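S.K.: The numbers in the sequence shown follow the working numbering, run straight up by one, and end at 99. Don't be surprised by glycine CBs; every beta carbon is placed ideally from N, CA and C. All values derive from a computational prediction rather than experimental measurement.
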Amino acid sequence: MTNIKKSLNLGTKIKAARKQAGFSQKELAEALKLSDKAVSSWEVGRAQPPVSTLREISRVTNYPIIKLADDEDDAGMGIEHQLAQIERELRAATQGFEEIKKLLEKKKA
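1) Taking the alpha-carbon positions, what's the residue 86 to residue 77 distance?
2) Mark residue 112 as exposed unless 16 or more other C-beta atoms lie within 10 angstroms of its C-beta, in which case mark it buried.
3) Please specify which runs of the alpha helix (DSSP H), each continuous and at least 4 residues long, are wholly inside the stretch 1 to 61, giving them in chain order.
4) Can you give the beta carbon distance from residue 4 to residue 47, rounded, assuming they're within the 8 Å contact cut?
5) Can you tell me the Cβ-Cβ gap for residue 44 and residue 58, rounded? I've got them flagged as a contact below 8 Å.
6) Is it buried or exposed for residue 88, if we count other Cβ within 10 angstroms and need 16 for buried?
7) From the DSSP output, in three-state form, read off residue 99 for me.
What follows is the structure, given as structure tokens:
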């Protein structure tokens, strides 16, 4: 995939995350402590945010980071790929809970 296509694809995903969360460009920018021009640049593919900002976009919009970072378009994914993606996200989410549980058990002992 070309860099231009990747930028546009990422921009489309950032826009989808923003809209799904009900944010305007300005509101997302304020939540990220950035300018609305930065958000606009990402959405139209003129620029790409750093990975740390993608994580923050994911956190603020509650949109899975894997969906932002994945090069494939969701519409073109087979059901097997979508299920594998969901499984990875669930594993990543539950791993943190397991670590907390172990720490709490150690503390009790």
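M.R.: Based on what the coordinates show:
1) For residue 86 and residue 77, the gap between their C-alpha atoms comes out near 15 Å.
2) For the chain, the structure presents residues -9 to 99; residue 112 sits outside this window and is missing.
3) Runs of the alpha helix (DSSP H) inside the stretch 1 to 61: 15 to 22, 26 to 33, 41 to 51, 55 to 59.
4) The pair is a contact, with the Cβ atoms about 6 Å apart (cut-off 8 Å).
5) Yes, they are in contact, since the Cβ atoms of residue 44 and residue 58 sit about 5 Å apart, within 8 Å.
6) The Cβ neighbour count for residue 88, taken over all protein chains shown within 10 Å, is under 16; the residue is labelled exposed.
7) Here residue 99 sits in coil by DSSP.
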